[in-house]
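Following: one structure in structure tokens, then a few remarks.
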């Protein structure tokens, strides 16, 4: 089971308290009805599914119930960092060479 | 290829078993092939086999980064069924089921297909409605599926607990009698032997690291850890790593890869005569011919390539098993493992041409690809050979996520996701 640090509660808590909410930093169009089929497909269905560093959303369901973002390595399942929703995608990752 | 038979066993017994030959050869890779298949799992090897036998294309290489059948083919719970809701799914899964029947004879290799029946339990009114809808839809598609009372379910599977006092009592069940199990390793080995005997090169420990394309976009071949290998046609059958390979060709996929776990118990005498599945309490169980209970759990909730998963997922499944079969509460579990499954948004596979000329993909089988192995290989070989999909896999395009023509088994697949 993963140990996940909630950036709002500022505590590492067991995965059971959290729900994964998919890839992060996918912006929903302000005019979703006006999206072309291609753009809607990219927004709704296409995912990067990386083998390596992933940016993903989690929700502290059985805690503060807030959404936040995390950076994790999908090969080792180790978290690099977590940060609050709305904060920009971190340009530099602590302890990651590439 | 020497034929396996009772006479071969007798002959070899007489001479100390010195005449058995290797089941498949391990040749050096050539510079170029007509077709390259990426991934030597069941689906990839079946594709190569049918390319050779049905379409006469034998200048084929199957590239495998690890060992043959070492991915999800060797990690699944070996369940075979075709009781899917939608016409498209019924078409492809029942095509596979028809090929399972007779596969051992076709391959001259005992894949131990056992039509022992797959029984899906209902625990509440919603389950009854959903499963009965499946029974009717399946019958309209010519697929056997029948409704059982709790008493009939217990008669079919005696250790099942149908007490009304259970937390989630069994209130009925849907039974597909043609469903069952097969020996997963033997499926990969049998197809490998058949393909190799017809000239297909199976190249293990050869990881694909890039896909080379011509200026006009068409596929030229693949870079591997054993050098560049050319081919005008490349079929990607890489399960959890399909999106990684497709990315090398510049195609982003509607796929996410999750760990899926399974476990087996210590071996015991025959006690579970069929496959039992329950979506509501989420567990499935069968008994292997070695005597182990084979138990399938659910996926973890996050994208991962770690081939492992959380212990709480297994605990949750064992809770459900103990609920359904109180006689197993003191069984010891022998080992557990994980595989990486590639899941599409509608939980139906993609078997199709891609936007890249000469590149084909067979992926997205998610948590239930083993059952489809023969059918998937058969229609994917057709797609590659003719550069045009077989009518059975024609609906399973990548483009359906743009057009909206989904095959939405996500809500209807008769398993919880």
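Chains as they are written, first to last, in my numbering: chain Z, 27 to 124; chain E, 25 to 441.
Even for Gly, the Cβ is constructed at its ideal location relative to N, Cα and C.
Contact annotation for residue 95/Z against chain E: no contact, minimum CB-CB distance about 13 Å [criterion: below 9 Å].
The C-beta of residue 72/Z comes closer than 8 Å to at least one C-beta of chain E.
Here residue 83/Z carries a strand assignment [DSSP, helix/strand/coil].
Residue-level contact by beta carbon holds for residue 42/Z and chain E, with a gap shorter than 8 Å. A straight line joining the alpha-carbon of residue 111/E with that of residue 173/E spans about 27 Å. The beta-carbon of residue 316/E is placed no less than 8 Å from the nearest beta-carbon of chain Z.
Inter-residue distance for residue 434/E and residue 130/E is about 33 Å (C-alpha atoms, whole angstroms).
In the three-state reduction of the DSSP assignment, residue 213/E falls in the helix class, which pools H, G and I. If you look at residue 87/E, you'll find it in the beta strand (DSSP E) that goes 84-87. Between residue 45/Z and chain E, the shortest Cβ-Cβ separation is below 8 Å. Per DSSP, reduced to three states, the secondary structure at residue 101/E is coil, with no helix or strand assignment. Counting C-beta atoms within 10 angstroms of its own C-beta, residue 67/E has 16 or more neighbours from the protein chains shown and is therefore classed as buried. Here residue 285/E carries a strand assignment [DSSP, helix/strand/coil]. Residue 236/E sits in a strand when the DSSP states are folded into three classes. In chain order, 75, 77 and 100 make up the part of chain Z whose C-beta sits under 9 Å from the C-beta of residue 281/E.
A distance below 8 Å separates the beta carbons of residue 254/E and residue 56/E. For residue 85/E and residue 75/E, the gap between their C-alpha atoms comes out near 11 Å. Within the model, the alpha-carbon separation for residue 121/Z versus residue 29/Z is close to 18 Å. In the three-state scheme derived from DSSP, where H, G and I count as helix and E and B as strand, residue 111/E is classed as helix. About 7 Å separates the CB atoms of residue 322/E and residue 341/E; that is less than 8 Å, so the two are in contact. For residue 38/Z, there are no C-beta contacts with chain E under 8 Å, since the nearest C-beta of that chain is about 16 Å from it. In the structure shown, residue 274/E adopts coil according to DSSP, grouped into three states. Using a CB distance cut-off of 8 Å, residue 268/E counts as an interface residue toward chain Z. When beta bridges are read from the DSSP output, residue 386/E appears opposite 375/E.
Contact residues of the region 318-336 of chain E toward chain Z are 325, 326, 327, 328, 329, 330, 334, 335 and 336 (C-beta to C-beta distance below 7 Å). With contacts defined as CB atoms closer than 8 Å, residue 104/E and residue 124/E qualify as a contacting pair.
DSSP places residue 121/Z in the coil class of the three-state scheme, outside both helix and strand. The C-beta of residue 276/E comes closer than 8 Å to at least one C-beta of chain Z. With respect to the C-alpha of residue 101/E, the residue from 384/E, 324/E, 311/E and 338/E having the closest C-alpha is 311/E.
Under DSSP, residue 360/E shares a beta bridge with 287/E. Shown here, residue 51/Z sits in coil according to DSSP, grouped into three states, outside any helix or strand. Cα atoms of residue 135/E and residue 65/E: separation of roughly 15 Å, rounded to the nearest angstrom.
Following the DSSP letters along the chain, one finds residue 74/E inside the alpha helix (DSSP H) bounded by residues 66-77. The DSSP-derived three-state label of residue 346/E is helix.
For the options 352/E, 194/E, 261/E and 307/E, the alpha carbon positioned closest to that of residue 291/E is the one of 352/E.
Going by C-alpha positions, residue 277/E is about 16 Å away from residue 80/Z.
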